[in-house]
Structures are given as structure tokens and as C-alpha cells.
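J.: 73 is the number that UniProt numbering gives to position 73 of the sequence shown; each next residue is one higher, with no gaps. Idealized CB from N, CA, C, for every residue including glycine. Quick one: this structure, given as C-alpha cells, is what I'll be asking you about.
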Amino acid sequence: MSKLILHEALPARIAESQFLQPVLQVAIEVGKSVRGPSTYEVTGVYLEEEYKEIQEWVNAFKPIWEERGVTIMCDGWKWTRNQHIIKFLIYSPRGTIFKNSIDASSVTSRTAKYYFNIMEKMVDKIGEEFFIQFVIDNEAAIKVGGKILMQKRRLLYWLGRSAHCLDLILEEFGNRKSVRRVLDEAKKDNFFHRQSYMDDWLYEDIYPGKRTLATWDY
């Protein structure tokens, strides 16, 4: 199993997957005659079956959506390749599920109208009758887009994410001279301790001769 993970560059967390032990158990019960699925079976047959199973699981949430309503949570981030991804999650008392994501990398100007359009499309996809509120960032263009949405859809509310609100509050604190001075000193200290050779030098200077090394000779 380890060879499979390492040679195929699979994520190591597969070793702790809830699906791994049942697979091994079936292989033990069947014996040497067990045969793994082909590429076609995985990507064609079983992928379709898995999709249908997930859809049934999502549909089981809808009764509670009708009873209590849902909150759509929207978040965005940039990848190392400069990709700008916007994802949508549906929250209800039964749990949170991923709805879909949008690659906005090619959008040169993310205006209020742009955000309004993607929010309205999400409302249409899920159904306005299920909606209670949108929770999204407090960026200026998003705020305007959210207000336009509330004007058009009178039963909906737009709210800023609390985490983003806290980020903005902390940013304001960081702009104060007294706080900024402390933060600058903390950054210097952090940079110093992140250099391994500096750490080694500091340790030897304070505790000379107390560090021991183990080496193997072949």
C-alpha cells in the first residue's frame, strides 16, 4: 500500500481514509482472485455512480432547507499561479455543503455589477424560496453588489463575513503607531528565529556544549 502511495505520488492521507480498510477487508475475503477496477471503470462507471450517490445525499438536505432556509457563504482566494477562485457553500442546520466554485482569474474588473450577477445566479440555481441571507466579504464592490441584490430580491439579506470584519479591525489596530512599532519588532524577531543557523548560534552561545549529535558510520 505504501509503495502505491509513494510511487504514484498520491496524498499520504489516503492511508487514513475511511474507505481504505473496507477495500483491504474485501481483498482479504475474496483472496487472490480479486481484481482492481480498470481506468474506464473508475472514470466512467464508478464516477457516475458516485456522482448520483452524492446528489441523493444533497437532496436529503432540501426538506430542512424548505423548513429553516439556508445561508450562502462565499469566499475567495488566490492560488500561487495567480488564479482567483470564488467558492460557494450552503449552510443549514443540518450541515454545510459545497455548491460550486468560479474561476475569476480572467475577469479584469470585478465590479459591483459582476458580484451582483454571480450572487443572483446562485439564488436562481438554488431557489429564492430557500434563501435567508448571503454571507460574503466586506470589499467595497461586493457591498454595493449585495445592496443591489437586496433591492431586487426583497426577501434576501446580505451580510459581511465576521472573519473579514475581524481582519479589517485588526488591520486598523496595526496602523496605530504604538501597535505598528511592536509589530515591526515582532516581525524582526520572527525573521531572526526562522533562520536555522541563527537558532543554532544562539543555542550554542547560551548553552555551550549541551547539544549532542548522533551519527551513523557506514
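1. Within 10 Å of its beta-carbon, does alanine 115 have 16 or more other beta-carbons around it, so buried, or fewer, so exposed?
2. Under the three-state reduction of DSSP, which class applies to tryptophan 79: helix, strand or coil?
3. Is glutamine 133 helix, strand or coil by DSSP?
4. Excluding the five sequence neighbours on either side, which residues of its own chain have a C-beta within less than 7 Å of the C-beta of methionine 73, listed in chain order?
5. Among the candidates Asp124, His7 and Arg110, whose CA atom is the shortest distance from the CA of alanine 140?
6. Which term fits methionine 1, buried or exposed, when burial requires 16 or more other beta carbons within 10 angstroms of its beta carbon?
7. In the DSSP assignment, the beta strand (DSSP E) including glycine 127 goes from what residue to what residue?
8. Between the stretch 80-87 and the stretch 98-106, do at least 3 Cβ pairs fall closer than 8 Å?
9. In its own chain, which residues sit with a C-beta less than 7 Å from the C-beta of leucine 20, not counting the 5 before and 5 after it?
10. Please state the DSSP three-state secondary structure of methionine 1.
11. Beta carbon of leucine 156, beta carbon of methionine 150: below 8 Å?
12. When you compare the CB positions of valine 182 and phenylalanine 173, do they come within less than 8 Å of one another, or not?
13. Could you tell me the alpha carbon to alpha carbon distance between arginine 35 and tryptophan 57, rounded to whole angstroms?
14. From the DSSP output, which residues share a beta bridge with glycine 158?
15. Cα separation between threonine 71 and proline 22?
16. Within this structure, are the beta carbons of isoleucine 142 and arginine 94 separated by less than 8 Å?
17. Using a 10 Å radius around the Cβ and a threshold of 16 neighbouring Cβ atoms, would you call aspartate 217 buried or exposed?
T.: Answer, in terms of the structure:
1. The sequence position of residue 115 within the sequence shown is 115, counting from 1. Residue identity differs from the one stated: residue 115 is tyrosine in this sequence, not alanine. Under this definition tyrosine 115 is a buried residue.
2. Working through the sequence shown from its first residue, we reach residue 79 at position 79. It is coil, neither helix nor strand.
3. Mapped onto the sequence shown, residue 133 falls at position 133. It is a strand residue.
4. Counting from 1 along the sequence shown, the entry for residue 73 is found at position 73. Sequence-distant Cβ neighbours of methionine 73 in its own chain, meaning closer than 7 Å and more than five residues away, are Leu89, Tyr91 and Val135.
5. Taking the sequence shown and counting its residues from 1, the one referred to as residue 140 is at position 140. The residue with the shortest Cα to Cα distance from alanine 140 is Arg110.
6. By 1-based counting over the sequence shown, the position of residue 1 is 1. By the Cβ neighbour-count rule, methionine 1 is exposed, with fewer than 16 other Cβ atoms within 10 Å of its own.
7. Locating residue 127 in the sequence shown gives position 127, counting from the first residue. In this chain, glycine 127 is not harboured by any beta strand (DSSP E), its DSSP state being neither H nor E.
8. By the Cβ rule, the stretch 80-87 counts as touching the stretch 98-106, because three or more pairs are nearer than 8 Å.
9. Reading the sequence shown from its first residue, position 20 is the one you call residue 20. Once the five neighbours on either side are set aside, the close Cβ partners of leucine 20 are Ile14.
10. Residue mapping note: residue 1 aligns to position 1 of the sequence shown, counting from 1. Here methionine 1 sits in coil by DSSP.
11. Start at 1 with the first residue of the sequence shown, and residue 156 comes out as number 156. Start at 1 with the first residue of the sequence shown, and residue 150 comes out as number 150. Taking 8 Å as the cut-off, the Cβ atoms of leucine 156 and methionine 150 count as close.
12. Your numbering for residue 182 matches position 182 in the sequence shown. Your numbering for residue 173 matches position 173 in the sequence shown. Contact flag unset, no.
13. The sequence position of residue 35 within the sequence shown is 35, counting from 1. The sequence position of residue 57 within the sequence shown is 57, counting from 1. Going by the C-alpha atoms only, they are around 29 Å apart.
14. In the sequence shown, residue 158 corresponds to position 158, counting from 1. Per the sequence presented here, residue 158 reads as tryptophan, with glycine not at that position. Phe134, per the DSSP bridge assignment.
15. Mapped onto the sequence shown, residue 71 falls at position 71. Mapped onto the sequence shown, residue 22 falls at position 22. Taken atom to atom, the span from the alpha-carbon of threonine 71 to that of proline 22 is near 36 Å.
16. Taking the first residue of the sequence shown as 1, we reach residue 142 at position 142. Taking the first residue of the sequence shown as 1, we reach residue 94 at position 94. Annotated as distal: isoleucine 142 and arginine 94, with beta-carbon spacing of 8 Å or more.
17. Counting from one through the sequence shown, the residue named residue 217 turns up at place 217. Since pLDDT at aspartate 217 reaches only 40, below the 50 mark, its modelled position is unreliable, and the value read off the structure follows with that caveat. Answer is exposed; the Cβ neighbour count stays below 16.
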